[in-house]
Structure formats: structure tokens, C-alpha cells
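My numbering applies: residue 8 is where the sequence shown begins, and numbers increase by one. Glycine included, every Cβ here is placed at the ideal spot set by N, Cα and C.
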Amino acid sequence: SLNPSELEYIKQGGGLVLMGEDKNNTQQKKKTSFADIKQLLSSRMLLGIFIAQYCINCLTYFFLTWFPVYLVKERHMTILQAGFAAVAPALCGFIGGILGGLVSDRLIKMNHSVTFARKLPIILGLFLSTSIVICNYVESHTAIIFFMSLAFFGKGFGSLGWAVMSDVAPKEMIGLSGGLFNTFGNTAGIVIPIVIGYIISSTGSFNNALVFVGIHAVIALLCYLFMVGKIERFQLKTTTP
């Protein structure tokens, strides 16, 4: 068991040490109301995180749905070639995801603020993700795979959304906050494949589709730069039933 000084140290670092311990606490027992949900959606910080997650997932769903088609239809690879080529971005995204988390944790151990430690990898990663647009200006298959891999590496490196949510979610509504975060993110899985398909159908090319994806990376970057602000736990205001 932890002694009081250890508990205090954890609390000073932002840890929630009493979740579920006091069953008689009225705040713990209060039912979630629409006013509480409205508070979450009215928070500039949380809304910025939610919008950014939607935009980040735009890249994910492009690679999951349209990337192989892009390689075959636009770059005239065989299906076998496209299958092998699609491995590289996925592998780079995997590596980027691990490195982004390691860098963020390392920055905190170096006594940087949580805001800096979370935002720096996210912003750098999203900046790298914009390199997907460069594919419109290169012809070789090697260059295409390189820039696609760089873009997905950046997406992985900057995918610290759940780490950020653990830092900001109000202690009374961690589950609901995470649910809203997932809702915004997974909405991209519905919208993005359809919109990209419409763009390709309308223009006859993937060029504008890649620009569309790159713009989403820029929007996510701008959300973290100018909308999210300081990363700190959101405090719910007391609402009357």
C-alpha cells in the first residue's frame, strides 16, 4: 500500500488516486446529464482534441481504404506489387507510433511540461504527414512509397490522442470523454472513404484526394497549435438537475 506522502506525490503529478474509493461521494453517484456533455463539447481544449482526432484518422482511413487502389489505378502497379508496397507505410506507422510515445515520455522525464511533451511529437508528426501531397509531384514508385511511408510514420509519431485524453479527461467522466473522442475519430471512417471516392470520381485523379488528406493533417496540426492550449485536466462545473 502507498503512504500519504506517496499518494500526495502522485496527485501532484496529475494522477487520480481516489477514483471509485469513496462510494458515498455525491459527485461519484451523480448521473450524467446533457448539461455535462454540453460542457465537454463546449470546452475549446477538448473540442480541439476531438477535431484533431477526426483529422488524424483521415490519414488512417485513407491508407486502410484507398491506398492500395491508388497504387493500382493511379500508379499502375500490379495487385501483387501493391500488396508488397503497402507493407512499408504500415511498418513505418508502427515504428512511428512507438517512437512518438517514447519521445513524449522522455520529454516528461526531462522535466518538460505535459503540454510540451505531448504537443511536440504530435506537431512534428502531423507536419511529416503533410508529405503525402508530395506524391502528386513525383513519378517513381520508390519515391511514392518513400513519401507515403514518411506520411504514415508521421501519423503514427503524432498519434498521442489517448495519452492526451488521459491527461485532460474530467475525473467524473473519463469514460464519456473517451467515448466522445472515439466518436469523433471513427466518424472519419464513415465520411472520409466516401468523400475521397467522390473526389476521385469527380476529378478522375487521386491528386485532389491527396491534397484533401494533407489538408486534414494541417487542420489537426493547427488544432494543437492554436485551439487546444495548455494540456490540463478539465474541471466540470457543478450542474443542477
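Exposure of residue i, with buried meaning 16 or more beta-carbon neighbours within 10 Å
i           : result
residue 118 : exposed
residue 166 : buried
residue 231 : buried
residue 83  : exposed
residue 136 : buried
residue 124 : buried
residue 182 : exposed
residue 40  : exposed
residue 211 : exposed
residue 208 : exposed
residue 147 : exposed
residue 34  : Summary for residue 34: the model assigns pLDDT 49, below 50, so the residue's position carries little reliability, and this model does not support an answer.
residue 12  : exposed
Sequence-distant residues of the same chain with beta carbon closer than 6 Å to residue i, five excluded per side
i           : result
residue 138 : 154, 157, 158
residue 174 : 121, 238
residue 199 : 65, 68
residue 114 : 124
residue 81  : 213
residue 95  : 152, 156
residue 126 : 231
Neighbourhood of residue i by C-beta distance below 8 Å, restricted to the same chain and skipping five residues each side
i           : result
residue 176 : 184, 185, 240, 241
residue 101 : 163
C-beta contact flag for residue i and residue j at 8 Å
i           : j           : result
residue 180 : residue 47  : yes
residue 217 : residue 140 : yes
residue 56  : residue 171 : yes
residue 201 : residue 215 : no
Cβ shell of residue i (< 7 Å), same chain only, five flanking positions each side left out
i           : result
residue 129 : 165, 167, 231
residue 228 : 130, 133, 134
residue 38  : none
Cβ pair count under 8 Å reaching 3, the segment 190-198 against the segment 141-160: Output reads no: the segment 141-160 does not touch the segment 190-198.
Segment contact flag, the segment 70-77 with the segment 87-101, C-beta cutoff 8 Å, min 3 pairs: yes
Sufficient close CB pairs (3 or more, under 8 Å) joining the segment 193-205 to the segment 55-69: Taking a cut-off of 8 Å for Cβ pairs, the segment 193-205 and the segment 55-69 touch, as three or more such pairs fall below it.
The segment 221-229 / the segment 96-109 touching (three or more Cβ pairs under 8 Å): no
Segments of 4+ residues assigned as alpha helix (DSSP H) that fall wholly inside the segment 110-136: For the segment 110-136, whole alpha helix (DSSP H) runs of length 4 or above, ordered along the chain, are 121-136.
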